[in-house]
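Trainee: First to last, the protein sequences are chains A and B.
Position 16, counted from 1, in the first sequence is what the numbering used here calls 16; the numbers after and before it change by one each time, with no gaps.
Every number in the numbering used here is 1000 more than the matching position in the second sequence, counting from 1.
Ideal Cβ placement from N, Cα and C applies to all residues, glycine included.
There are 2 protein chains.
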Amino acid sequence: MPRVVDHEQRRQELTQHVWALIRSSGIAGVTMRGLSEQSGWSSGAIRHYLPNRQSILTFAAEQLGAEVERYLHSLPQEGTPLQHLEAFLLALLPLDERSTVWMEVWLAFAVAAVRGEAYAESHGLLYADLHKALSSVLDEFKQHGWLPDLTPEQAATELHGLIDGLGVHLLLRQVTPDQARQTVRRALLQMLTGPNAQCAEC
Amino acid sequence: MPRVVDHEQRRQELTQHVWALIRSSGIAGVTMRGLSEQSGWSSGAIRHYLPNRQSILTFAAEQLGAEVERYLHSLPQEGTPLQHLEAFLLALLPLDERSTVWMEVWLAFAVAAVRGEAYAESHGLLYADLHKALSSVLDEFKQHGWLPDLTPEQAATELHGLIDGLGVHLLLRQVTPDQARQTVRRALLQMLTGPNAQCAEC
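1. So with CB distances below 8 Å, who are the chain A contacts of HIS1160 (chain B)?
2. Going by DSSP, what residue range makes up the alpha helix (DSSP H) through THR157 (chain A)?
3. Can you list the residues of chain A that ALA1110 (chain B) reaches, using a CB-CB cut of under 7 Å?
4. Do GLU86 (chain A) and LEU188 (chain A) have their C-beta atoms within less than 8 Å of each other?
5. Under DSSP, the alpha helix (DSSP H) around ALA1061 (chain B) begins and ends at which residues?
6. Starting from VAL101 (chain A), follow the alpha helix (DSSP H) in both directions and report where the run begins and ends.
7. With a cut-off of 8 Å, do at least 3 Cβ pairs link the stretch 151-164 of chain A to the stretch 1153-1168 of chain B?
8. Return the residues of the stretch 1039-1071 of chain B that lie within a Cβ-Cβ distance of less than 7 Å from chain C, sorted by chain order.
9. Since VAL111 (chain A) and VAL1111 (chain B) should fall inside the 8 Å C-beta cutoff, what is the C-beta to C-beta distance between them, to a whole number of angstroms?
10. Look at the Cβ atom of LEU1172 (chain B), then the Cβ atom of LEU126 (chain A), and state whether they are nearer than 8 Å.
11. Let's test the definition: count the other Cβ atoms within 10 Å of the Cβ of LEU17 (chain A) and tell me whether it reaches 16, buried, or not, exposed.
12. Any beta carbon from chain B within less than 8 Å of VAL114 (chain A)'s own beta carbon?
13. Round the Cβ separation of THR1157 (chain B) and GLN154 (chain A) to the nearest angstrom and send it over; I've been treating them as touching at under 8 Å.
14. Give me, in chain order, the residues of the same chain whose beta-carbon lies closer than 6 Å to that of PRO1094 (chain B); leave out the 5 immediate sequence neighbours on both sides.
15. Restricting to Cα atoms, I'd like to know which of A:GLN63, A:PHE109 and A:ALA113 is closest to GLN9 (chain A).
16. Please identify, using Cβ separations under 8 Å, the residues of the stretch 80-108 of chain A that lie next to chain B, in order along the chain.
17. With DSSP run on the structure shown, which of helix, strand or coil describes LEU126 (chain A)?
18. Span of the alpha helix (DSSP H) holding PRO1148 (chain B)?
19. I want to see whether chain B comes within less than 8 Å of ARG186 (chain A), judged by CB atoms only; does it?
20. Checking contacts by CB at 8 Å: is ALA1020 (chain B) closer than that to chain A?
21. Is it true that the CB of ILE46 (chain A) sits closer than 8 Å to the CB of PHE109 (chain A)?
22. Is ALA28 (chain A) close to chain B? Criterion is C-beta to C-beta, closer than 8 Å.
23. Restricting to Cα atoms, I'd like to know which of A:GLU121, A:LEU89, A:GLU13 and A:PRO177 is closest to SER135 (chain A).
24. With 8 Å as the limit, tell me which residues of the stretch 117-150 of chain A have their beta carbon closer than that to any beta carbon of chain B; keep them in chain order.
25. Considering only C-alpha positions, which residue in the set B:ASN1052, B:GLY1040, B:PRO1051 and B:ALA1091 is nearest to ARG1070 (chain B)?
26. Hey, how far is the Cα of LEU1192 (chain B) from the Cα of PRO1081 (chain B)?
27. When you compare the CB of THR193 (chain A) with every CB in chain B, is at least one pair closer than 8 Å?
28. By a C-beta neighbour count over all protein chains shown, 10 Å radius and 16 as the cutoff for buried, is HIS73 (chain A) buried or exposed?
29. What does the alpha-carbon distance come out to for the pair VAL1105 (chain B) and ALA1020 (chain B)?
30. I'd like the list of long-range same chain contacts for ASP129 (chain A), defined as Cβ closer than 7 Å, with 5 residues on each side in sequence excluded.
31. Between which residues of its own chain and VAL1030 (chain B) is the CB-CB distance below 7 Å, once the five residues before and five after are set aside?
32. If you count every other CB in all the chains shown that lies within 10 Å of the CB of GLN143 (chain A), and 16 or more means buried, which is it?
33. Using a C-beta to C-beta distance shorter than 9 Å, which residues of chain A count as neighbours of THR1157 (chain B)?
34. So which residues on chain A does GLN1190 (chain B) lean against when the C-beta distance must stay under 8 Å?
35. Any beta carbon from chain A within less than 8 Å of GLN1154 (chain B)'s own beta carbon?
36. Can you tell which of B:PHE1059, B:PHE1141, B:SER1025 and B:THR1183 has the C-alpha that lies nearest to the C-alpha of ALA1118 (chain B)?
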């Protein structure tokens, strides 16, 4: 079905242009005209895939969620559970070009959501999806006695807050990649202790 | 000098209008015309105090930093050092109308800074001022043996990240005020331990 594949590929191409527009001008900058200028596509060609501004933004949000999820699933499962959780959290920080794009687009959708525009929130993209994934992983740690002081829900709220705050500070270039990595590592080591490793320094 | 006082008061009034405009439309929405519509002031009257867009945004950023600093200094000094640090951190979260305005304006300036517009960053507002204040407070804890595992700088980076992430999650209404308060309290209790209170549960 070559035409269907092509259709999907063209929509993916368009997504990159929408993200670039969001990064440079925010959600408010996403208009049919702006996207036409950014992409070099005619308005008619864009409308063939995404008929209006609402569908452009909804698609851009969906694609962001889908791409982050694909990436998280592609992380190698090797190492200890703690190393795996650490890799999961670091993948969400803007530490390379790809994740910087994600974080900037996420931030723009978050600001729009604060102002009451719900393009991304309705997809769980801004908080719910990741919070659920984190809680689920932390529940495993809890069941194995590695999360002595907190419920999985409490630990997820804390780590999620830390990651998104560090993400913004990285985008602002106020925290270095190394500082961010080490902060995540220390927070995990403080929160999660093997059943026989508690108070090892006492 | 009644005219000087009036001048300052009029600029303060204008600040409220600029902040309201930033909250509803972002930094991009701040134009002389938009501010005239928002405030009911003529462009001429606005220009008497703030001659152009750049001066409007710079003033709005300066006033935000000054108001937050005044508020932090007004916090009662009673209670333990830990209670005081907790109150300091909670004052930065959007838990009431006033601090919600601060956080939304802060977030708008942060997004502008990520895009390379440096209205607020040059004033230290987005990160540097608070980070310095936090590091200084945490240095006191360190000197008294209450910060066993981290340097003041490391602890400030972690708490600052947590606060700003929770702040965004509060604005997104994905975390409740109670969840945010308890998360801050637990993070502090985990990080800071009295010299004789370490491993109290061992």
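Mentor: In short:
1. Reading the second sequence from its first residue, position 160 is the one you call residue 1160 (chain B). Close partners of HIS1160 (chain B) in chain A (Cβ separation under 8 Å): GLY165 and HIS169.
2. For the purposes of this step, residue 157 (chain A) is taken as residue 157 along the first sequence, with counting starting at 1. For THR157 (chain A), the enclosing alpha helix (DSSP H) begins and ends at 152-171.
3. Counting from 1 along the second sequence, the entry for residue 1110 (chain B) is found at position 110. Going along chain A in sequence order, the residues near ALA1110 (chain B) (Cβ under 7 Å) are VAL168 and LEU172.
4. One-based indexing of the first sequence puts residue 86 (chain A) at position 86. One-based indexing of the first sequence puts residue 188 (chain A) at position 188. Yes, the Cβ-Cβ distance between GLU86 (chain A) and LEU188 (chain A) is below 8 Å.
5. One-based indexing of the second sequence puts residue 1061 (chain B) at position 61. 1053-1074 is the extent of the alpha helix (DSSP H) around ALA1061 (chain B).
6. The count along the first sequence starts at 1 and reaches residue 101 (chain A) at position 101. From DSSP, the alpha helix (DSSP H) with VAL101 (chain A) extends over 97-114.
7. The stretch 151-164 of chain A, when compared against the stretch 1153-1168 of chain B, does touch it at the 8 Å Cβ threshold.
8. Reference to chain C is not applicable here, since the protein chains of this structure are A and B.
9. Taking the first sequence and counting its residues from 1, one reaches residue 111 (chain A) at position 111. Taking the second sequence and counting its residues from 1, one reaches residue 1111 (chain B) at position 111. In this structure, VAL111 (chain A) and VAL1111 (chain B) form a Cβ contact; the two beta carbons are roughly 6 Å apart against a cut-off of 8 Å.
10. As a working note, residue 1172 (chain B) is residue 172 in the second sequence. As a working note, residue 126 (chain A) is residue 126 in the first sequence. Contact flag set, yes.
11. Position 17 of the first sequence, counting from 1, holds the residue named residue 17 (chain A). A small correction: the amino acid at residue 17 (chain A) is His; Leu does not occupy that position in the sequence shown. It is buried - the Cβ of HIS17 (chain A) has at least 16 other Cβ atoms within 10 Å.
12. For the purposes of this step, residue 114 (chain A) is taken as the residue at position 114 of the first sequence. Between VAL114 (chain A) and chain B, the shortest Cβ-Cβ separation is below 8 Å.
13. Translated into positions along the second sequence, residue 1157 (chain B) becomes position 157. Translated into positions along the first sequence, residue 154 (chain A) becomes position 154. Actually they are not in contact, since the Cβ atoms of THR1157 (chain B) and GLN154 (chain A) sit about 21 Å apart, beyond 8 Å.
14. Within the second sequence, residue 1094 (chain B) is the residue found at index 94, counting from 1. If we look at PRO1094 (chain B) and ignore the five residues flanking it on each side, its Cβ neighbours are THR1100, MET1103, GLY1167, LEU1170 and LEU1171.
15. For the purposes of this step, residue 9 (chain A) is taken as the residue at position 9 of the first sequence. Considering only alpha carbons, the answer is A:GLN63.
16. Answer in chain order: GLU104, LEU107 and ALA108.
17. Residue 126 (chain A) sits at position 126 when you count from the first residue of the first sequence. In the structure shown, LEU126 (chain A) sits in coil (DSSP, three-state: anything other than H, G, I, E or B).
18. On the second sequence, position 148 is the one that residue 1148 (chain B) refers to. Where PRO1148 (chain B) is concerned, there is no enclosing alpha helix (DSSP H), because DSSP gives it neither an H nor an E.
19. One-based indexing of the first sequence puts residue 186 (chain A) at position 186. So, interface residue.
20. Along the second sequence, read from residue 1 onward, the residue named residue 1020 (chain B) stands at position 20. Not one chain A Cβ lies under 8 Å of ALA1020 (chain B).
21. Counting from 1 along the first sequence, the entry for residue 109 (chain A) is found at position 109. Counting from 1 along the first sequence, the entry for residue 46 (chain A) is found at position 46. No; because the gap between Cβ atoms is not below 8 Å, this pair is not in contact.
22. Your numbering for residue 28 (chain A) matches position 28 in the first sequence. Closer than 8 Å: yes.
23. Within the first sequence, residue 135 (chain A) is the residue found at index 135, counting from 1. With distances taken between Cα atoms, SER135 (chain A) lies closest to A:LEU89.
24. So the close ones are GLU121, LEU126, TYR127, ALA128, HIS131, ASP149 and LEU150.
25. Reading the second sequence from its first residue, position 70 is the one you call residue 1070 (chain B). Checked all of B:ASN1052, B:GLY1040, B:PRO1051 and B:ALA1091; the closest Cα to ARG1070 (chain B) is B:ALA1091.
26. The residue labelled residue 1192 (chain B) in the question sits at position 192 within the second sequence. The residue labelled residue 1081 (chain B) in the question sits at position 81 within the second sequence. Approximately 11 Å, taken between the alpha carbons.
27. As a first step, residue 193 (chain A) must be located in the first sequence, where it is residue number 193. For THR193 (chain A), the answer is no, since every Cβ of chain B falls outside 8 Å of its Cβ.
28. Start at 1 with the first residue of the first sequence, and residue 73 (chain A) comes out as number 73. Exposed.
29. In the second sequence, residue 1105 (chain B) corresponds to position 105, counting from 1. In the second sequence, residue 1020 (chain B) corresponds to position 20, counting from 1. If you take the alpha carbons of VAL1105 (chain B) and ALA1020 (chain B), they lie about 9 Å apart.
30. By one-based count along the first sequence, residue 129 (chain A) stands at place 129. Excluding residues within five positions, the ones whose Cβ falls inside 7 Å are GLY65.
31. Residue numbering aside, residue 1030 (chain B) sits at position 30 when the second sequence is read from its first letter. VAL1018, LEU1021, ILE1022, ARG1053, ILE1056 and LEU1057, listed in sequence order.
32. As a first step, residue 143 (chain A) is located in the first sequence; it is residue number 143 there, counting from the start. Burial call: exposed.
33. On the second sequence, residue 1157 (chain B) is found 157 positions in, with the first residue counted as 1. The answer, in chain order, is LEU166, HIS169, VAL175, GLN179, ALA180, GLN182 and THR183.
34. By one-based count along the second sequence, residue 1190 (chain B) stands at place 190. Near GLN1190 (chain B) (Cβ distances below 8 Å), the residues of chain A are ASP149, GLN190 and MET191.
35. Residue 1154 (chain B) sits at position 154 when you count from the first residue of the second sequence. GLN1154 (chain B) counts as touching chain A.
36. As a first step, residue 1118 (chain B) is located in the second sequence; it is residue number 118 there, counting from the start. Closest in C-alpha terms to ALA1118 (chain B), from the list B:PHE1059, B:PHE1141, B:SER1025 and B:THR1183, comes B:PHE1059.
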